[in-house]
Amino acid sequence: MVKAGDTLWDIANLFLKDPWFWPEIWYQNPQVKNPHLIYPGDVLSLIYVDGQPRIVVSKPGQRGTTTVVSDAAGPVPVVKLSPSIRTKTIEASIDTIPGDAIRQFLTKPRVIAKEELQTAPYILGSDDEHLILGQGNQIFIRGEIDKERVRYTVVRKGAELVDPDTKEVLGYEAIYAGETLITSYGDPATGELTFTEREVLYGDRLLPTDKSKIDNLFFPRLPDRDIQGRVIHLPDALFGVAKLQVAVVNRGSREGLESGNLLAVYTKGKSVYDHHNKGKKVELVLPDVRSGLIMIFRTFDHVSYGLVLESTRVIHNHDIVRTPK
């Protein structure tokens with residue numbers, strides 16, 4: 001039985017060695033509205049539909065007949081599903097993955113080019129003498145303000161995202177600080193901080209508010225192509241990350257990555273010397289060791305943010321990521 005707090009990833013792990021194959025065995029009853037959603041209290045059963053294994057939602061009293069047939073492996077339940085009305089109290093379906101772990105990253109931060117950050121309007125001063133600003137402060141802004149816009153997002157330059165292999169600068173993390181409402185246009189323009197998530201400082205930049213809708217209803221799946229890359233940034237972590245923490249990789253939409261794609265993480269094999277090879281010292285490179293599994297949940301052109309779903313050891317910057325085999 002599904003319980004509150006379960007995730008679809010947890011449930012798939014109970015039934016499958018490789019949980020990303022869940023969509024292949026999940027039976028979506030066409031008679032049920034939103035058949036892909038699972039709710040607390042649902043009972044999941046492994047049955048056979050038209051000779052193929054399927055996971056279905058079953059409940060006491062659900063209409064349908066079950067016939068047991070025998071084969072060499074023993075009795076096999078064969079279920080004939082009949083249309084029925086599924087009634088539920090108003091209750092949220094379970095998350096695909098732990099939503100709290102990525103919620104703050106679904107719309108923030110952003111990854112932008114150096115030129116975009118350098119040319120963005122910036123906070124010149126405020127209505128008081130404080131060096132740290134917050135919600136309610138009036139601010140004065142220099143730079144080109146679009147008179148068709150009244151709302152801007154306040155950001156601060158974050159990490160420089162560099163490809164460790166090519167040394168290409170892939171972008172800069174724009175750390176989210178808050179929101180501002182433009183109250184008058186000019187040089188300087190005037191605005192009011194309507195919301196702050198962290199302290200706002202002089203020199204912080206203003207970017208047009210991103211109104212694009214981020215889809216968080218995804219299920220982990222393999223990429224459509226072979227992906228090879230590296231971990232290049234660990235937000236809010238100094239040493240390494242583990243399960244349910246976030247890592248940034250140097251592959252994005254230009255390489256075909258999409259939200260929901262899974263990447264295996266490997267610790268690069270070390271170089272060692274074999275001193276026991278008939279007196280000859282031979283240098284060898286040990287195999288890469290798998291250390292975890294991440295799911296991409298937000299992509300940009302050159303980089304992507306991923307959530308660690310599994311980890312057997314600490315994941316570090318420059319660890320290898322690739323399509324799971």
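The numbering of the sequence shown is the numbering used here, which starts it at 1 and goes up by one.
Even for Gly, the Cβ is constructed at its ideal location relative to N, Cα and C.
Everything numeric in this text was worked out from a predicted model, so none of it was measured.
Judged by pairs of C-beta atoms under 8 Å, the region 225-238 touches the region 150-170, as three or more such pairs exist. With respect to Thr267, Asp288 sits close: the two C-beta atoms are nearer than 8 Å. In this structure Tyr305 is buried. Its beta-carbon is surrounded by 16 or more other beta-carbon atoms within 10 angstroms. A straight-line Cα-Cα distance of about 18 Å links Ile320 and Phe297. The Cβ-Cβ distance between Gly252 and Val303 falls below 8 Å.
In terms of Cβ geometry, Ile175 and Pro109 form a close pair [threshold 8 Å]. The beta carbon of Val272 lies closer than 7 Å to those of Leu284, Leu286 in the same chain, with the five residues before and after it left out. By the neighbour-count criterion, in which 16 or more other beta carbons inside 10 Å mark a residue as buried, Ile294 falls on the buried side. The DSSP assignment places no complete alpha helix (DSSP H) segment of no fewer than 4 residues inside the region 223-301.
For Gly191, the number of other beta carbons within 10 angstroms of its own is at least 16, and it is reported as buried. Tyr152 sits away from Gly203, with the two beta carbons spaced by 8 Å or more. Arg156 is bridged by DSSP to Ile175. In the three-state reduction of the DSSP assignment, Thr183 falls in the strand class, which pools E and B. Put simply, of Leu309, Tyr185, Lys281, Ser45 the residue whose alpha carbon is nearest the alpha carbon of Val241 is Leu309. With a threshold of 16 other beta carbon atoms within 10 Å, Val43 falls short and is exposed. By the neighbour-count criterion, in which 16 or more other beta carbons inside 10 Å mark a residue as buried, Gly186 falls on the exposed side.
DSSP places Gln138 in the strand class (E or B) of the three-state scheme.
Under the DSSP assignment, Thr119 falls in the alpha helix (DSSP H) whose first and last residues are 114-119. Nearest to Lys147 by C-alpha distance, out of Leu222, Ala189, Leu263, is Ala189.
With distances taken between CA atoms, Glu179 lies nearest to Ile139 out of Val249, Leu124, Ile139.
Taking a 10 Å sphere around the C-beta of Ser184, we find fewer than 16 other C-beta atoms and assign the residue as exposed.
Thr323 and Ser311 have their C-alpha atoms spaced approximately 16 Å apart. C-alpha of Glu144 to C-alpha of Ala120: approximately 7 Å in a straight line.
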